[in-house]
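Everything below concerns the one structure shown next.
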Amino acid sequence: GDIWILEGKYKLAVDKEAAGETTWFYMEYPLTGKTYALDVPMIKPFEKNVDTKYLKTERSGRWVPERYIEIPEAKTPSGNALLDWIGQEIALRKGETST
554 GDIWILEGKY
564 KLAVDKEAAG
574 ETTWFYMEYP
584 LTGKTYALDV
594 PMIKPFEKNV
604 DTKYLKTERS
614 GRWVPERYIE
624 IPEAKTPSGN
634 ALLDWIGQEI
644 ALRKGETST
């Protein structure tokens, strides 16, 4: 299946990126056993691919509309991308260089 990112959270991440902060979206899908890690540049090509979904209910039981960015699973790296980035950041902070 596809990956879904809340549009509002993505926009907040874009603002943080503009301020120099790297933001990751880490998602685990227990039903499929898959894990994904995406950063803003990975999501950007799909930012206009927005759909309203009704995945949550409020206390009254009424479904709540939320806007999600849909990203095809085939276009997303595994969670290893986040681990690679963490390793690079640790090396940079220690003054090491990666090859």
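Numbering follows the working numbering, with no gaps: position 95 of the sequence shown is 648. Here a beta-carbon is modelled for each residue, glycine too, at the ideal position from N, C-alpha and C.
- Per DSSP, reduced to three states, the secondary structure at Pro583 is coil, with no helix or strand assignment.
- Taking a 10 Å sphere around the C-beta of Tyr621, we find 16 or more other C-beta atoms and assign the residue as buried.
- In this structure, Lys587 keeps its C-beta atom at 8 Å or more from the C-beta atom of Thr576.
- A distance below 7 Å between beta-carbons, with the five flanking residues on each side excluded, links Glu560 to the following residues of its chain, in chain order: Val603, Arg620, Tyr621, Ile622.
- Just so you know, the alpha carbons of Ser613 and Lys606 end up roughly 18 Å apart.
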